[in-house]
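Encoded as structure tokens, the structure appears first; notes follow it.
Residue numbers (the numbering used here): -10 to 108.
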């Protein structure tokens, strides 16, 4: 069944190496917690806030190896009043035999504030 799994990470600063490491960690954790293989991923959609300019999250993910056969897309998060700064959000569309209620959405490094109901 087709499912969507969400996650996000917040950064203290716009540091290319830290963004690469934490985006890769976020995806690794989502995959691990949901027992998801790259083969089952249909696509990965990222949004990024305008204050993060050193690297886009799709490039950050690919820098860690893998995902060469997976469509990745990145867009700028709308710049709205009160929005969380320095954040990358992700939505993974995948084929997974789990009920929606059993999906594990991962929010880390301050991004937990986006979905307090999940943490």
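Even glycine gets a Cβ: it sits at the ideal position worked out from N, Cα and C.
Since the model is a prediction, treat every value here as computed from it, not as a measurement.
Secondary structure at residue 30, three-state DSSP: helix, strand or coil?
-> strand
Backbone secondary structure at residue -6 - three-state DSSP | strand
Residue nearest to residue 101 in terms of C-alpha spacing, selected from 76, 92 and 5 | For the residues 76, 92 and 5, the minimum Cα distance to residue 101 belongs to 76.
What are the partner residues of residue 35, as DSSP defines its beta bridges?
-> 63 and 79
Expected contact under 8 Å - CB spacing of residue 43 and residue 68 to nearest Å | Going by Cβ atoms, the distance from residue 43 to residue 68 rounds to 18 Å, so no, they are not a contact pair.
Residue from -5, 49 and 56 whose Cα sits closest to the Cα of residue 10 | 49
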